[in-house]
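Enquirer:
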Amino acid sequence: MANATFKIFRGDKTSGELIEYQVPIAPGMVVLDALHYIQAHDAPDLAVRWNCKAGKCGSCSAEVNGRPRLTCKTRLDALPLDEPITVQPMKSFPVIKDLVTDVSWNYEVNKKIPPFTPTPNVEWKMDQREVDRVQEFRKCIECFLCQNVCHVLRDHDKQEQFGGPRFFVRVAGLEMHPLDSLNRTELLKNELGIGYCNITKCCTEVCPEDIHITDNAIIPLKERVVDDFYDPVRWFLRKLSGKGRT
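One rule links them: number in this note's numbering = place in the sequence shown (from 1) + 2.
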């Protein structure tokens, strides 16, 4: 049986290094299988976050050969095995230990978003096309790969001003819901910093659920923000009504 060479990050937030391991290759093997083999045979203290091993929990996110992926869905036969396979923690989040990162910042951002708020005493009636439009956003498994690959968070450390693509997906699912009654454009502009996104589509490329994050969530939300805050006709009407926005 042939072996694959893995270089795994071992360390914590203070320091770390890539340690090399040899793993026998089996048919249908995924990177998470290799990590489990290493835990069982070489490094029982290797810290790896995982749960379902079916691509539905979003727990096993890491960077494989520099690309954000779910390790449970990354097959070895799709990787070049004639060179070492590197597995590292997600770069955009603080390392706790080995491949486990602290993603708690995401849950703090989530708390800023007002939940689904339907108009009271209204019959819940929807067209199927309206249902289909928001259903895509419900597929998110919160793997945070989109957050990890986003250059605004990854390279520019804008966590205080920018919510990130995962939460634009959440807001899109609420804003485009036909029964929701709230307007979250001020939140998008001032607290989630949607203006920082320059639509490179890197978030869409890594999404394991194939959500069209940029085209179907971010761009329509940007258009709503522009309509509410920068449209001259709306600006004039707000001035007349005395309901100006900053």
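Glycine is no exception: its CB is placed at the ideal position from the N, C-alpha and C atoms.
Computed from a predicted model, the values in this text were never measured in an experiment.
1) Which partner residues of R156 appear in the DSSP bridge assignment?
2) So, at 6 Å on beta carbons, what are the nonlocal neighbours of T187 in its own chain, with the 5 sequence-adjacent residues on each side left out?
3) Return yes when the Cβ of V50 is within less than 7 Å of the Cβ of L101, no when it is not.
4) Is C152 near C209, with beta carbons less than 7 Å apart?
5) So if DSSP puts P120 in a beta bridge, which residue, or which two residues, is it bridged to?
6) Following the continuous alpha helix (DSSP H) through S63, name the residue where it begins and the one where it ends.
7) So, helix, strand or coil for K58, using DSSP?
8) So, are the CB atoms of L37 and G57 less than 7 Å apart?
9) Do you know whose CA, among M178, E138 and W107, lies nearest E162's CA?
10) List, from N- to C-terminal side, the alpha helix (DSSP H) runs of 4 residues or more that fit wholly inside the segment 186–219.
Expert: So, from the listed chains and residues:
1) In the DSSP assignment, R156 is bridged to no other residue.
2) Result list for T187: R226, V227 and D230, in chain order.
3) Judged by their CB atoms, L101 and V50 are nearer to each other than the 7 Å cut-off.
4) The Cβ-Cβ distance between C152 and C209 does not fall below 7 Å.
5) Its beta-bridge partners are D182.
6) Segment S63 to V66 is the beta strand (DSSP E) holding S63; no alpha helix (DSSP H) there.
7) The answer is coil: DSSP assigns K58 none of H, G, I, E or B.
8) With respect to G57, L37 sits apart: the two C-beta atoms are not nearer than 7 Å.
9) Ranking the options by Cα distance to E162, first place goes to W107.
10) DSSP runs (the alpha helix (DSSP H)) wholly in the segment 186–219: 187–192 and 204–208.
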